[in-house]
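K.L.:
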Amino acid sequence: MSPTAPYQYDISHGPAYAQLKFDLKANQTVLVEAGGMAAMDPCVEMKSKVRGGLMKGVKRMLGGESLFLSEFTAKGQPGQLFVSPGVPGDIQHYAIPEGRSLFVQSSGFVAASPTVEIDSKFQGFKGFFSGESLFLLHILGPGDLWFSSYGAIFPVDVDGHYVVDSSFIVAFEDTLDYDIQILGGLKTGLLGGEGFVCRFSGKGKIWIQSRGVFQLVRFVNPFRPIRD
Amino acid sequence: MDIEVLNQPDSSIARVILAQNEEVVAEAGCMVAMSDFLQANTTLRKGKGGGILGGLKRMVAGESLFLSTFRSPQAGGEIFLAPKLLGDLIICEASAAGLVVQASSYLACAAGVVVDVGFQGFKSLFTGESIFWLEISGVGPVLLSSFGAIFEVDVDGEYVVDTGHIVAFERALTFEIGKPLGATWLSTFLGKEGLVCKFKGRGKLWCQTHHPAAFGRRVGSRLPPR
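As given, the protein sequences belong to chains A and B, one line each in that order.
Using the numbering used here, you'd call the opening residue of the first sequence number 56 and step up by one each time.
Using the numbering used here, you'd call the opening residue of the second sequence number 1091 and step up by one each time.
In structure tokens, the structure reads:
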């Protein structure tokens, strides 16, 4: 099976509970986030794989997210594979052209073709220093990529400038430049709870999610038992 | 102001388009994305009930005192606003008749809408559960959020709702907060039953299918202590 053969896939139950189904051709392989497999045919073989060697995998784990990938191959015959993201939300497909790349929030990685390269030199988000950090994967083409959100995903076509709260960024094209700011200065940013925003400039697409996992965590936190 | 609600009902998000010099007021922290030329600011709403002290009380009750305002110096400013929890959004019109909104259900409104945080509903000394309501009047659209789905009830006579399921109601309704019929204060104290609100009169009531604090307790109680 040629690694560039097109994938037959289907995204169902979006935007709240999206699941990704692959109908793999005989000997076709797809990379899936470790733990992302929900169900599959018995002919599909799983191999754990750390992209770019073990140490780099560990480094990514320290980046807030264990990006250990599993390789799924339909051995000798076609096979079905269901992939579910860790949080309820939507899934988006993007075909990264040769020579181009996409930045994806690290917990948003769902699946990719084995032809993509994950840039291990990329150090997350420049200028980021809060606990609410956003870690990005830099994924180089060519190849297919599926990424997920908490809540729905909506695209915004930027031509000029656009501001996005850092915890709502799902992915963006490499034609966009970005820098981190505190919205409206310190008073609004800290007292108002608006936190860190990412200011994009250039021309390209951003995918944004309609809910933030960090916001959910912050909601649940006061309900934790209190230490005596 | 042009408001569109997208991705209903589970992942609802509001897209607001502002005219020149128009302003939208929103719960602090609910801005998802926006045009870069919008001017953000934070306002502190003081309650009728008295300045700093009233403010502190509300902070203890877990409610944010801060509202953010976003102003568009030019036409076509765009902003996306979303609540914290999964659920729906509805657009209500503020009016002189007035609306009472559960504080955690308030998301945003036009600048012509008056948000009064001075109205303290009730705080149970037993369960520590607080009911903190906003009084809404003035003119313009108000965005309300629900945890889960939202359903509307036309009250004519009497109606009983668990306080955690109230989103908003028209001021034409009078209410009384207490324990549900047949429940004892002990069971209320033990958290077996929540507080209920008994409405009387004629008016609209909006309820949510899920109770945020019940969800918070279910998940939070299984987490390590803080």
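Each residue gets a CB set at the ideal place from its N, CA and C atoms; glycine is no exception.
Quick check on the burial criterion: 16 or more other C-beta atoms within 10 angstroms. Buried or exposed for GLY1272/B?
P.N.:
If you number the second sequence from 1, residue 1272/B lands on position 182. Exposed.
K.L.:
Flag this pair as yes or no: are the beta carbons of VAL1251/B and VAL1286/B separated by less than 9 Å?
P.N.:
Stepping through the second sequence from its first residue, residue 1251/B is reached at position 161. Stepping through the second sequence from its first residue, residue 1286/B is reached at position 196. In contact: VAL1251/B and VAL1286/B (Cβ atoms closer than 9 Å).
K.L.:
I need the straight-line Cα distance from PHE251/A to SER103/A, nearest angstrom please.
P.N.:
For this step, residue 251/A is matched to residue 196 along the first sequence. For this step, residue 103/A is matched to residue 48 along the first sequence. In a straight line, the C-alpha of PHE251/A is about 35 Å away from that of SER103/A.
K.L.:
Would you report the Cα separation of LEU1233/B and ALA73/A, rounded to the nearest angstrom?
P.N.:
The count along the second sequence starts at 1 and reaches residue 1233/B at position 143. The count along the first sequence starts at 1 and reaches residue 73/A at position 18. Their Cα atoms are separated by approximately 27 Å.
K.L.:
DSSP three-state label for LEU1301/B, please.
P.N.:
Numbered from its first residue, the second sequence carries residue 1301/B at position 211. It is worth fixing the name first, because residue 1301/B is His in this sequence and not Leu. Looking at HIS1301/B - three-state DSSP - the assignment turns out to be coil, as it is neither helix nor strand.
K.L.:
Taking Cβ-Cβ distances shorter than 9 Å, what residues in chain B pair up with ASP212/A?
P.N.:
Position 157 of the first sequence, counted from the first residue, corresponds to residue 212/A. Simply none; closest approach about 12 Å.
K.L.:
Is SER222/A near ILE235/A, with beta carbons less than 9 Å apart?
P.N.:
Within the first sequence, numbered from 1, the residue matching residue 222/A stands at position 167. Within the first sequence, numbered from 1, the residue matching residue 235/A stands at position 180. Contact flag unset, no.
K.L.:
Measuring alpha carbon to alpha carbon, tell me which of ASN1097/B, THR1133/B, VAL1229/B ends up nearest PRO1173/B.
P.N.:
Locating residue 1173/B in the second sequence gives position 83, counting from the first residue. Residue ASN1097/B is the option with its Cα nearest to PRO1173/B.
K.L.:
With DSSP run on the structure shown, which of helix, strand or coil describes ALA1262/B?
P.N.:
Mapped onto the second sequence, residue 1262/B falls at position 172. ALA1262/B falls in the coil class under three-state DSSP.
K.L.:
Give me whichever residues DSSP pairs with CYS1199/B in a beta bridge.
P.N.:
The residue given as residue 1199/B occupies position 109 in the second sequence. In the DSSP output, where bridge partners are listed per residue, CYS1199/B has VAL1115/B, VAL1232/B.
K.L.:
Alpha carbon to alpha carbon, how far is LEU200/A from PHE190/A? Give it in angstroms, no decimals.
P.N.:
Locating residue 190/A in the first sequence gives position 135, where the first residue counts as 1. Locating residue 200/A in the first sequence gives position 145, where the first residue counts as 1. Approximately 17 Å between the Cα atoms of the pair.
K.L.:
Just to confirm, are ILE173/A and LEU192/A a CB contact at a threshold of 9 Å?
P.N.:
The residue given as residue 173/A occupies position 118 in the first sequence. The residue given as residue 192/A occupies position 137 in the first sequence. Yes.
K.L.:
Could you have a look at ASN276/A and say whether DSSP puts it in helix, strand or coil?
P.N.:
On the first sequence, position 221 is the one that residue 276/A refers to. Reduced to three states, the DSSP call for ASN276/A is helix.
K.L.:
What is the DSSP secondary structure of ARG1307/B, reduced to helix, strand or coil?
P.N.:
Counted from its first residue, the second sequence places residue 1307/B at position 217. Three-state DSSP puts ARG1307/B in a helix.
K.L.:
Counting only beta-carbon separations shorter than 9 Å, does ILE281/A have a partner in chain B?
P.N.:
Reading the first sequence from its first residue, position 226 is the one you call residue 281/A. Output row for ILE281/A: interface = yes.
K.L.:
Taking the DSSP output, what are the residues bridged to THR170/A?
P.N.:
Here residue 170/A refers to the residue found at position 115 of the first sequence. Paired residues: none, contrary to the question.
K.L.:
How would you list, in chain order, the residues of chain B whose beta-carbon sits under 7 Å from the beta-carbon of PHE285/A?
P.N.:
Chain A is shown only over 56 to 283; residue 285/A falls outside these bounds and no answer can be derived.
K.L.:
Measure the Cβ-Cβ separation of ALA1303/B and PHE278/A and say whether it is below 9 Å.
P.N.:
Residue 1303/B sits at position 213 when you count from the first residue of the second sequence. Residue 278/A sits at position 223 when you count from the first residue of the first sequence. Result yes, Cβ atoms of ALA1303/B and PHE278/A sit closer than 9 Å.
K.L.:
Please name the residue, chosen from PRO133/A, ILE224/A, ASP212/A, that lies closest to CYS98/A on a Cα-to-Cα basis.
P.N.:
Here the question's residue 98/A lines up with position 43 in the first sequence. Looking at the Cα atoms, PRO133/A is the closest of the given residues.
K.L.:
Taking its Cβ as the centre, do 16 or more other Cβ atoms sit within 10 Å of GLU1117/B, making it buried, or is it exposed?
P.N.:
The residue you call residue 1117/B lines up with position 27 of the second sequence. Buried is the call here.
K.L.:
Have a look at LYS1290/B and THR1299/B and give me their C-alpha separation to the nearest angstrom.
P.N.:
Counting from one through the second sequence, the residue named residue 1290/B turns up at place 200. Counting from one through the second sequence, the residue named residue 1299/B turns up at place 209. Using only the alpha carbons, I get a separation of about 21 Å.
K.L.:
Rank PHE1237/B, ASP1246/B, ALA1186/B by C-alpha distance to the C-alpha of GLU1225/B and give the top, closest one.
P.N.:
Along the second sequence, read from residue 1 onward, the residue named residue 1225/B stands at position 135. It is ALA1186/B whose Cα lies nearest to the Cα of GLU1225/B.
K.L.:
What does ARG254/A touch in chain B if you count any residue whose Cβ is under 9 Å from its own?
P.N.:
For the purposes of this step, residue 254/A is taken as the residue at position 199 of the first sequence. In chain order: ASP1126.
K.L.:
For the 8 Å Cβ check, are there 3 or more pairs between the region 1114-1131 of chain B and the region 1255-1271 of chain B?
P.N.:
With the cut-off at 8 Å, the region 1114-1131 of chain B and the region 1255-1271 of chain B do not touch.
K.L.:
Mapping DSSP to helix, strand and coil, what is SER162/A?
P.N.:
Here residue 162/A refers to the residue found at position 107 when the first sequence is read from its first residue. In the structure shown, SER162/A sits in a helix (DSSP, three-state: H, G or I).
K.L.:
Give the straight-line distance between the Cα atoms of CYS1297/B and GLN1164/B, rounded to the nearest whole angstrom.
P.N.:
The residue you call residue 1297/B lines up with position 207 of the second sequence. The residue you call residue 1164/B lines up with position 74 of the second sequence. Cα-Cα distance, rounded: 37 Å.
K.L.:
Residue range of the beta strand (DSSP E) that ASP1244/B falls in?
P.N.:
As a position in the second sequence, residue 1244/B is number 154, starting the count at 1. Here the beta strand (DSSP E) through ASP1244/B covers 1240-1252.
K.L.:
Could you check the C-alpha separation between ALA1258/B and ALA1239/B for me, to the nearest Å?
P.N.:
The sequence position of residue 1258/B within the second sequence is 168, counting from 1. The sequence position of residue 1239/B within the second sequence is 149, counting from 1. Distance between the alpha carbons of ALA1258/B and ALA1239/B is about 14 Å.
K.L.:
So CYS98/A is in the beta strand (DSSP E); what residue range does that whole segment cover?
P.N.:
Within the first sequence, numbered from 1, the residue matching residue 98/A stands at position 43. Per DSSP, CYS98/A belongs to no beta strand (DSSP E) and is neither H nor E.
K.L.:
State the Cα-Cα distance for the pair PRO1231/B and VAL1204/B, rounded to the nearest angstrom.
P.N.:
In the second sequence, the residue the question calls residue 1231/B occupies position 141. In the second sequence, the residue the question calls residue 1204/B occupies position 114. Their backbone Cα atoms lie some 11 Å apart in a straight line.
K.L.:
Find the nearest neighbour of TYR62/A within the set ALA150/A, ILE261/A, LEU195/A, judged by alpha-carbon distance.
P.N.:
Reading the first sequence from its first residue, position 7 is the one you call residue 62/A. Selected option, being the one with the closest Cα: ALA150/A.
K.L.:
Count the other CB atoms, across all protein chains shown, that sit within 10 Å of the CB of LEU1176/B; report buried if there are 16 or more and exposed otherwise.
P.N.:
Here residue 1176/B refers to the residue found at position 86 when the second sequence is read from its first residue. It counts as buried.
K.L.:
Starting from the Cα of SER1194/B, find the closest Cα among SER1235/B, LYS1294/B, ILE1107/B and give me that residue.
P.N.:
On the second sequence, position 104 is the one that residue 1194/B refers to. For the residues SER1235/B, LYS1294/B, ILE1107/B, the minimum Cα distance to SER1194/B belongs to SER1235/B.
K.L.:
Closer than 8 Å by C-beta to ARG282/A: which residues in its own chain qualify, once you throw out the five before and the five after it? Chain order, please.
P.N.:
Position 227 of the first sequence, counted from the start, is the residue given in the question as residue 282/A. Excluding residues within five positions, none has a Cβ falling inside 8 Å.
K.L.:
Can you tell me which of the three DSSP states GLY271/A falls into?
P.N.:
Walking along the first sequence from the start, residue 271/A turns up at place 216. Residue 271/A is actually Leu in this sequence, not Gly. If DSSP states are grouped into helix, strand and coil, LEU271/A belongs with the helices.
K.L.:
Given a cut-off of 9 Å on the beta-carbon distance, is the pair LEU79/A and ALA167/A in contact?
P.N.:
Locating residue 79/A in the first sequence gives position 24, where the first residue counts as 1. Locating residue 167/A in the first sequence gives position 112, where the first residue counts as 1. Not a contact, by the Cβ cut-off of 9 Å.
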